[in-house]
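Peer 1: The structure follows.
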Amino acid sequence: MDKVNFKFNSITYAIKAKNTAERLGCKTRLFKNPNPKKGEGCGYNLIVTGKFSEVKKAFDDSKIKYTEIEMLK
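For the sequence shown, this note's numbering assigns the number -15 to the initial residue and increments by one for each residue that follows.
Laid out in structure tokens, this is it:
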């Protein structure tokens, strides 16, 4: 199982991503970034535990915009 942190600049995209990942059977944890970088907007992080390639493809197919992806250990 992959563990990945997707970053979003809006709560709308973050919630859409959370729902999409959960429909694929992934575990998720959504939280607000307390110190977002310039250009990250409000700054929300979604940690997804599951199959990275399926989740990323689902986000891309659904036009869910993320600003950054970080692989976690």
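Cβ atoms here follow ideal geometry from the backbone N, Cα and C, with glycine treated the same way. For clarity, every value in this text was computed on a predicted model and none was experimentally measured.
I'd like to check one pair, T4 with S46: are the Cβ atoms closer than 8 Å?
Peer 2: Along the sequence shown, read from residue 1 onward, the residue named residue 46 stands at position 62. Along the sequence shown, read from residue 1 onward, the residue named residue 4 stands at position 20. Yes, Cβ-Cβ distance for S46 and T4 is below 8 Å.
Peer 1: In the DSSP assignment, find the beta strand (DSSP E) that holds Y50 and state where it starts and stops.
Peer 2: Translated into positions along the sequence shown, residue 50 becomes position 66. Counting along the chain, Y50 falls outside any beta strand (DSSP E), and DSSP gives it neither H nor E.
Peer 1: Check the DSSP bridge columns for L30 and list the partner residues they point to.
Peer 2: Start at 1 with the first residue of the sequence shown, and residue 30 comes out as number 46. Beta-bridge pairing links L30 to F(-10) and L14.
Peer 1: Are the CB atoms of T12 and V32 within a distance shorter than 8 Å?
Peer 2: As a position in the sequence shown, residue 32 is number 48, starting the count at 1. As a position in the sequence shown, residue 12 is number 28, starting the count at 1. Yes, Cβ-Cβ distance for V32 and T12 is below 8 Å.
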